[in-house]
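What follows is one structure encoded as C-alpha cells, with my remarks underneath.
There are 2 protein chains.
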Amino acid sequence: MSQQRHGSTPGDAGGVPAFPDLPEATIARLPEYLRALHHLAEAGAETVSSEGLAAAAGVNSAKLRKDLSHLGSYGTRGVGYDVALLVDQIEYILGLDENRAVCLVGVGNLGHALAGYAGFASRGFRVVALFDADRKKVGEVINGLTVRHIGELERVAAEESIAIGVIATPPGSAQAVADVLVAAGVTSILNFAPCVLAVPPNVDVRKVDLAIELQILSFHEHRKASLTALPGGGGDATGDQEAVGS
Amino acid sequence: MSQQRHGSTPGDAGGVPAFPDLPEATIARLPEYLRALHHLAEAGAETVSSEGLAAAAGVNSAKLRKDLSHLGSYGTRGVGYDVALLVDQIEYILGLDENRAVCLVGVGNLGHALAGYAGFASRGFRVVALFDADRKKVGEVINGLTVRHIGELERVAAEESIAIGVIATPPGSAQAVADVLVAAGVTSILNFAPCVLAVPPNVDVRKVDLAIELQILSFHEHRKASLTALPGGGGDATGDQEAVGS
DNA sequence: TTATGTGAACATTTTCACAGCG
DNA sequence: CGCTGTGAAAATGTTCACATAA
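Keeping their order, the protein sequence lines are chains A and B.
Going left to right, the first sequence walks through residues 1 to 246 as full-length UniProt numbering numbers them.
Going left to right, the second sequence walks through residues 1 to 246 as full-length UniProt numbering numbers them.
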C-alpha cells in the first residue's frame with residue numbers, strides 16, 4: 001500500500017526522511033538481519049530469498065518478510081532481496097552510517113572487555129573515550145585509549161559529541177554516572193549495571209544484565225526437570241530451533 | 001480464581017510441583033523483581049506494596065501484580081507482599097535454590113570478564129569450569145579456576161553435572177562448541193557469540209549480543225535526530241522513565 | 001479504607017494463507 | 001511458476017478499573 005516511495009534512500013542523508021515508525025519488535029531484529037546479510041555478502045551472495053535470510057537470522061520467513069515490508073524494502077518477487085541494497089537500507093535506518101561516538105564508563109573486569117570488543121568498531125561505532133572514578137585506573141591505556149577521570153566526562157562528551165554512553169560500573173555508582181552522562185547531553189545509555197536508572201524522558205536506556213539471562217535459562221531447566229518426572233515422550237515439545245524466546 | 005493452592009511451596013522441593021506455566025514475558029521479569037526484592041530486604045523492608053516493588057523494578061504496578069498473580073503469590077490485601085516470602089517463591093520458581101553448575105567456553109577478553117563476574121555466584125550459580133581451544137590459554141588460572149582444554153569438556157561436564165554452558169568464543173567457533181556442549185548433555189546455552197546456533201529442540205539457547213543493543217540505541221538516536229528537524233515541543237514523548245522497551 | 005487479584009478492553013506481535021508481481 | 005508483500009486471524013502481552021479480602 002505504501003511501498004513505492006518511502007522517506008529517503010541511503011544516498012540522500014540530508015533531508016528529513018519521513019521516518020518510518022517501525023514496530024519495536026522489528027527494530028530489535030534488524031541488527032540480526034544485518035549481521036546475516038553481511039555474512040551472506042562475504043560469502044558472495046548477490047540475492048537471498050526470505051527463506052534463506054530468515055534461516056540465517058534464526059527467524060521464520062513470514063516474520064522476516066513482514067519486518068522488511070515495514071521498511072518498504074526492495075525485494076523482487078520470484079527472486080528475493082538484493083543483498084547489498086538491503087544492507088544499505090538497514091544500515092541507513094539504524095543510523096549506522098553516522099559512525100556514532102561511544103564512551104564507556106567503568107573499566108573494571110567487564111569494562112575492560114567492552115573496551116576491547118571488536119564488535120563495536122566493526123558495526124559502525126567508535127569508542128572514543130574511557131572513564132573511571134578510580135584514580136588508580138586513570139592513565140591506564142586500554143586498546144589505544146587512555147582512561148580518564150570521570151570528572152572530565154562532561155568536557156570530553158561535548159568535544160567528541162558523544163552520542164551513546166555505556167555504563168559498566170558497579171550498581172551503586174550507576175545512577176550517578178547516568179546523571180553525569182545526561183548532564184553532558186548524552187541521550188542514549190546502555191546499562192550493564194544490575195539496577196534501574198532514572199533518566200529524563202528524552203533519554204533512552206537499554207539494559208543488559210548477564211545474570212538475568214542465566215536465571216531465565218535456570219527457570220527452563222527447572223521446568224524441564226519437573227516435566228521429566230511425568231510420563232510422555234522424553235524429548236518433546238514443538239521442535240523449534242531456537243527453543244527459548246529471545 | 002486459583003490462588004489458594006498452587007503447585008508446591010519452596011519448602012517442599014521434593015515432589016512434582018504441577019509447574020505453573022508462566023507467560024514468557026513474566027519469566028523474563030522475575031529476575032528483575034528478585035533483584036529489587038533483595039535490595040529491599042537489605043534495606044530492612046519486611047513488606048512492600050505492588051507500587052513500591054514496581055518502582056524498584058522499573059515497571060508499572062498493574063504489570064507487576066499480574067505477573068505475581070501468575071505464580072499464585074502471597075500478597076495481603078491492604079498491606080502488600082511479604083518480602084522474604086516472595087524472594088523464596090521467586091527463587092524456587094526460577095530454580096535458583098539448586099545452585100546450578102555453569103561452565104564457560106572461551107576465555108578471551110569477554111570470557112575473562114565473565115569468569116570473574118560476581119553477579120553469577122551471587123545469584124545462585126557456580127562457575128565450575130573454564131575451557132578454551134587455545135593450548136596457550138590452557139593452564140591459566142582465572143579467579144581460582146584453571147582453564148582446561150575443550151577436549152575435556154565432555155568428561156568434566158558429566159563429572160560436575162553441568163547444567164548451563166556459556167559460549168564466549170568468536171562466532172566462527174561457536175557452533176562447534178555448542179555441538180560439544182550438546183553432546184555432553186548440556187541442555188541450556190547462553191551464547192555471547194554473534195551468530196545463530198543450531199541445536200536440538202530440547203536444548204534452550206539464549207543469546208546476548210552486545211552490539212545489537214548499541215544498534216537499537218542508534219536507531220532511536222537516528223529517529224530523534226530526524227524529529228528535531230520537525231516543529232513541536234523539543235523534549236516530548238509520553239514521559240516514561242525507561243523510554244526504550246527492554 | 002487500603003492495596004491485591006483479576007476479568008475485560010486494548011495493544012502489539014506472530015502466524016497464516018494467498019493475491020499479485022516479475 | 002516462485003517468491004514477495006499483505007490483509008486477516010490468532011496468540012500474546014499490557015493496561016484499565018473494580019470486586020474482593022484483610
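For glycine and all other residues, C-beta sits at the position ideal for the given N, C-alpha and C.
Show which residues of chain B have a CB atom less than 8 Å away from the CB atom of residue i.
i                     : result
residue 247 (chain A) : With chain A covering 1 to 246 only, the question about residue 247 (chain A) has no answer from this structure.
Under 9 Å, Cβ to Cβ, is there at least one residue of chain B near residue i?
i                : result
Arg135 (chain A) : no
Gln175 (chain A) : no
Pro112 (chain A) : The identity of residue 112 (chain A) in the sequence shown is His, whereas the question assumes Pro. For His112 (chain A), the answer is yes, since a Cβ of chain B falls inside 9 Å of its Cβ.
Glu98 (chain A)  : yes
Asn60 (chain A)  : no
Ser50 (chain A)  : no
Val138 (chain A) : no
9 Å is my cut-off, CB to CB: does residue i come that close to chain A?
i                     : result
Glu159 (chain B)      : no
Val196 (chain B)      : yes
Gln215 (chain B)      : yes
Leu34 (chain B)       : yes
Arg126 (chain B)      : no
Ser73 (chain B)       : no
Asp204 (chain B)      : yes
residue 274 (chain B) : Missing from the structure shown is residue 274 (chain B); chain B here goes from 1 to 246 and no further.
Thr187 (chain B)      : yes
Ser226 (chain B)      : yes
Val102 (chain B)      : yes
Asp236 (chain B)      : Because Asp236 (chain B) carries a pLDDT of 40, less than 50, the predicted location of this residue cannot be relied on, and no value is offered for it.
Pro10 (chain B)       : Bear in mind that the predicted position of Pro10 (chain B) carries a pLDDT of just 45, short of 50, making it unreliable; the figure below should be weighed with that in mind. Taking Cβ atoms only, chain A never reaches closer than 9 Å to Pro10 (chain B), which makes this a no.
Mind checking whether residue i and residue j have CB atoms under 9 Å apart?
i                     : j                : result
Gly165 (chain B)      : Ala158 (chain B) : no
Ser218 (chain B)      : Gly80 (chain A)  : no
Gly111 (chain A)      : Ala168 (chain A) : yes
Ala129 (chain A)      : Arg148 (chain A) : yes
Ser73 (chain A)       : Ser61 (chain A)  : no
Gly75 (chain A)       : Pro170 (chain A) : no
Ser188 (chain B)      : Ala163 (chain B) : yes
Phe192 (chain B)      : Asp204 (chain B) : no
Phe131 (chain B)      : Glu160 (chain B) : no
residue 284 (chain A) : Arg123 (chain B) : Look at the range of chain A in this structure, 1 to 246, and you will see that residue 284 (chain A) is not part of it.
Val186 (chain A)      : Pro200 (chain A) : no
Ala54 (chain B)       : Lys63 (chain B)  : yes
Ala211 (chain B)      : Gly119 (chain A) : yes
Residues of chain B with CB closer than 7 Å to the CB of residue i, please, in chain order.
i                : result
Leu190 (chain A) : Glu213, Leu214 and Leu217
Gly116 (chain A) : Asn109
Run through chain A and tell me which residues come within less than 7 Å of residue i, C-beta to C-beta.
i                : result
Ala28 (chain B)  : Ile216
Arg123 (chain B) : Ala211 and Gln215
I want to verify the contact list: residues of chain B whose CB lies under 9 Å from the CB of residue i, in sequence order.
i                     : result
Ala56 (chain A)       : Val196
residue 249 (chain A) : What the structure shows of chain A is the stretch from 1 to 246, and residue 249 (chain A) is not part of that stretch, so it cannot be assessed.
Residues of chain A with CB closer than 8 Å to the CB of residue i, please, in chain order.
i                : result
Pro31 (chain B)  : Asp209, Ala211, Ile212, Gln215 and Ile216
Phe120 (chain B) : Leu210, Ala211 and Leu214
At 9 Å on the CB atoms, spell out the chain A contacts of residue i, in chain order.
i                : result
Ile164 (chain B) : Leu214, Leu217, Ser218 and Glu221
Phe19 (chain B)  : His222, Arg223, Ser226 and Leu227
Secondary structure at residue i, three-state DSSP: helix, strand or coil?
i                : result
Ala237 (chain B) : With a pLDDT of 39 at Ala237 (chain B), under the threshold of 50, the modelled position of that residue is not reliable, and the figure given next carries that caveat. Of the three classes helix, strand and coil, the one that applies to Ala237 (chain B) here is coil, per DSSP.
Phe19 (chain A)  : coil
Scan the UniProt domain "CoA-binding" (95-196) of chain B and note each continuous alpha helix (DSSP H) run of 4 residues or more that stays entirely inside, going in chain order. 109-115, 118-121, 153-159 and 171-183
What are the uninterrupted segments assigned as alpha helix (DSSP H) that are 4 or more residues long and contained completely in the segment 39-100 of chain B, given in chain order? 50-57, 61-70 and 83-94
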